[in-house]
Amino acid sequence: MRVYRGHLMHIGGSPELMQARDHLVSIPDGVLAVDDTGTIGFSGRYDRLPATYAEATVVDCRPGFLLPGFVDTHLHFPQTRCTDSYGGGQLLDWLQRCIFPAEAMLADAEYARAVAGDFCARRIAVGTTTAMVFGSAFPEAQDALFEESCRTGLRTVSGRGIQTVGPDAAAPLITTEDAAITLTDSEIRRWHGAGSGLAGVAVIPRFALSVTAATLHGLGELYDSVRGSGVYFHTHLSENAAEIDSVRSSFGVRDYLDTYDGRLTGGARSLLGRRSVFAHAVHCSQSELARLAETGSSVAHCPTSQLFLGSGTMPWRRTADAGVNIALGTDIAAGDEWLIPRVLNDCFKVHISEPAGQGLSITPAELLYTATVAGARALDMQDRVGNLDAGKEADFVVIAPDRQVMLPEVLARIDSEDTDRLLFTLLMSMREEAVGQVYVRGRLLTAD
Ligand code: GUN
Ligand code: ZN
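Position 365 of the sequence shown, counting from 1, maps to 1489 under this note's numbering, and the rest follow consecutively.
The following block contains the structure:
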């Protein structure tokens, strides 16, 4: 047993976004007691620590903050080394000129292993304990990712990126329609639930434009057969205007979401559900949002990426009001920030600047909620991770202000009881160097 002493900050209980502020917990002299199985046994004030922990080793993290591990619900493993790639245009140009060729390099298993090492090391460095990871087309590269994730102790859901059609630049990433199904099926059998349950598999067609209607049909059948085992679904949705035009003309749909919702060919199964995560959803119609909400599907909101590719931004109010769970994604490598609080920083700025009277100032509690609880919910893990309540698995990060130039001075100006201001400044101003120790299920993670 170990107890960690520091300033606890998290969203307790299981509130909806709108109730985040009422559930914000801030305990300046707080403590987290973690038992030998990696479960939080006590979370609260240090002076209330139960006597059962009297003999436990105390890890003094003061003047650090103890926050839940960050949850990144959308980033691309094969794009680990591709941030800030110049595509000379928006999404479709960037994919063809920069991304498809870079992803093709992971056909080399040795290279893929090196990239998997970098990928997991970056996640640990920025405190992203849980992630939904868009995978490589190549099974050996996916093996390397899952092996490294399990070795280092990260919590990872991933699946190979499925492509059965596309431009010449994507040719190395494309398989036959049959192989798309069998490779995905074998990845599920091999990795879903591995690493004592820290690894999970998702069915991931890259986006509607990279698969045929027949592939979507086959994936619907496959997904229906594995849903009950907790397998996930993940893809991109309605990110960019040219992409949406092309989806409409290729599939003859009005709503992009219909391509994933079993509406293309008679009798096809829907890919939506409470373990389905759709990246972006920038330009969704009201009925698409209603359908996402009704099925319990989540959106991975990626504001940093949307700025980089000029995609526009997901309308925060409209999406939240429709009842859709909004989680956060870095979208490495269209997003060029690995640290989830940096993405929160962009999130705050783009939404306060939304046009046509839609601008709003997202509260600090809602920011923390989006980066933690909403991510856990998107991955159907809200009973295990996302906050620091007793009974949860001990996934947490120590934020050590004194590692970052001037952060202690900036925070010192704020009364430690003024929770809103303190949390806002901490989340908005922290950089990677302020991330100290990172724990998953009570285990201290290191990349070595
Ligand atoms: N849509 C299809 N593929 C991608 C990708 O790799 N990144 C982003 N941002 N959007 C996509
Ligand atoms: Zn993406």
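A virtual CB, placed ideally from N, CA and C, is assigned to each residue, including glycine.
Under 7 Å: does the beta carbon of residue i sit that close to some heavy atom of the ligand GUN?
| i | result |
| --- | --- |
| histidine 1407 | no |
| isoleucine 1223 | yes |
| alanine 1366 | no |
| leucine 1433 | yes |
| serine 1606 | It is not possible to answer for residue 1606, since the shown part of the chain is limited to 1125 through 1572. |
| serine 1429 | yes |
| phenylalanine 1331 | yes |
| histidine 1134 | no |
| histidine 1200 | yes |
| leucine 1503 | no |
| leucine 1568 | no |
| leucine 1219 | yes |
| leucine 1361 | no |
| leucine 1269 | no |
So what does DSSP say about residue i, is it helix, strand or coil?
| i | result |
| --- | --- |
| serine 1553 | helix |
| serine 1167 | strand |
| arginine 1126 | strand |
| threonine 1383 | helix |
| glycine 1154 | strand |
| valine 1497 | helix |
| serine 1411 | helix |
| serine 1394 | coil |
| serine 1374 | helix |
| leucine 1569 | coil |
| alanine 1403 | strand |
| valine 1104 | Nothing about residue 1104 can be reported from this structure: the residues present for the chain run from 1125 to 1572 only. |
| methionine 1142 | helix |
| leucine 1388 | coil |
| leucine 1503 | coil |
| valine 1149 | strand |
Would you report the Cα separation of residue i and residue j, rounded to the nearest angstrom?
| i | j | result |
| --- | --- | --- |
| glycine 1321 | arginine 1537 | 43 Å |
| valine 1521 | phenylalanine 1375 | 45 Å |
| tyrosine 1235 | threonine 1204 | 12 Å |
| arginine 1555 | alanine 1337 | 43 Å |
| cysteine 1408 | arginine 1442 | 10 Å |
| leucine 1340 | asparagine 1449 | 24 Å |
| glutamine 1506 | valine 1401 | 15 Å |
| alanine 1157 | serine 1553 | 28 Å |
| arginine 1466 | proline 1174 | 37 Å |
| aspartate 1379 | leucine 1413 | 11 Å |
| leucine 1343 | alanine 1293 | 24 Å |
| histidine 1425 | leucine 1148 | 22 Å |
| aspartate 1184 | arginine 1169 | 14 Å |
| arginine 1186 | asparagine 1364 | 45 Å |
| serine 1138 | proline 1225 | 43 Å |
| arginine 1351 | leucine 1215 | 31 Å |
| aspartate 1146 | valine 1327 | 36 Å |
Throw me the rounded Cβ distance for the residue i and residue j pair, which I believe falls under 8 Å.
| i | j | result |
| --- | --- | --- |
| valine 1406 | serine 1435 | 5 Å |
| aspartate 1455 | leucine 1431 | Not confirmed; about 11 Å, so no contact. |
| threonine 1428 | glutamate 1461 | 5 Å |
| isoleucine 1305 | leucine 1346 | 6 Å |
| alanine 1255 | threonine 1280 | 6 Å |
| alanine 1458 | valine 1195 | Alanine 1458 to valine 1195, Cβ: 19 Å. No contact. |
| serine 1260 | phenylalanine 1270 | Between phenylalanine 1270 and serine 1260 the Cβ distance is about 11 Å, and since that is not below 8 Å, they are no contact. |
| serine 1421 | leucine 1396 | 5 Å |
| proline 1152 | serine 1540 | 5 Å |
| alanine 1571 | alanine 1245 | 4 Å |
| arginine 1129 | valine 1155 | 5 Å |
| proline 1488 | leucine 1551 | 7 Å |
| valine 1289 | phenylalanine 1201 | 22 Å between Cβ atoms; not a contact. |
| cysteine 1222 | glycine 1213 | Between glycine 1213 and cysteine 1222 the Cβ distance is about 10 Å, and since that is not below 8 Å, they are no contact. |
Is residue i close to the ligand ZN? I mean its beta-carbon at under 7 Å from any heavy atom of the ligand.
| i | result |
| --- | --- |
| alanine 1403 | yes |
| alanine 1458 | yes |
| phenylalanine 1258 | yes |
| histidine 1358 | no |
| histidine 1425 | no |
| aspartate 1196 | no |
| aspartate 1455 | yes |
Would you say residue i touches the ligand FAD, meaning its beta carbon is less than 7 Å from a heavy atom?
| i | result |
| --- | --- |
| aspartate 1369 | Looking at this structure, you won't find the ligand FAD anywhere; what it does contain is the ligand GUN and the ligand ZN. |
Complete runs of the alpha helix (DSSP H) confined to the region 1173–1243 [at least 4 residues]: Inside the region 1173–1243, DSSP marks whole alpha helix (DSSP H) runs of 4 or more residues at positions 1215–1218, 1224–1228, from first to last along the chain.
May I have a chain-ordered list of the alpha helix (DSSP H) segments no shorter than 4 residues that lie completely inside the region 1246–1298? Complete alpha helix (DSSP H) runs here, min 4: 1263–1276.
At what residue ranges does the region 1419–1493 contain a whole run of the alpha helix (DSSP H), taking only runs of 4 or more? Entirely contained in the region 1419–1493, the alpha helix (DSSP H) runs reaching 4 residues are, in chain order, 1427–1432, 1440–1445, 1464–1476.
4 or more residues per run - each alpha helix (DSSP H) lying fully within the region 1299–1343: Secondary structure within the region 1299–1343: the alpha helix (DSSP H) runs of 4 or more consecutive residues, fully enclosed, are 1301–1315 (chain order).
I'd like the ranges of any beta strand (DSSP E) spanning at least 3 consecutive residues and lying wholly in the region 1512–1562. Whole beta strand (DSSP E) segments, 3+ residues: 1520–1523.
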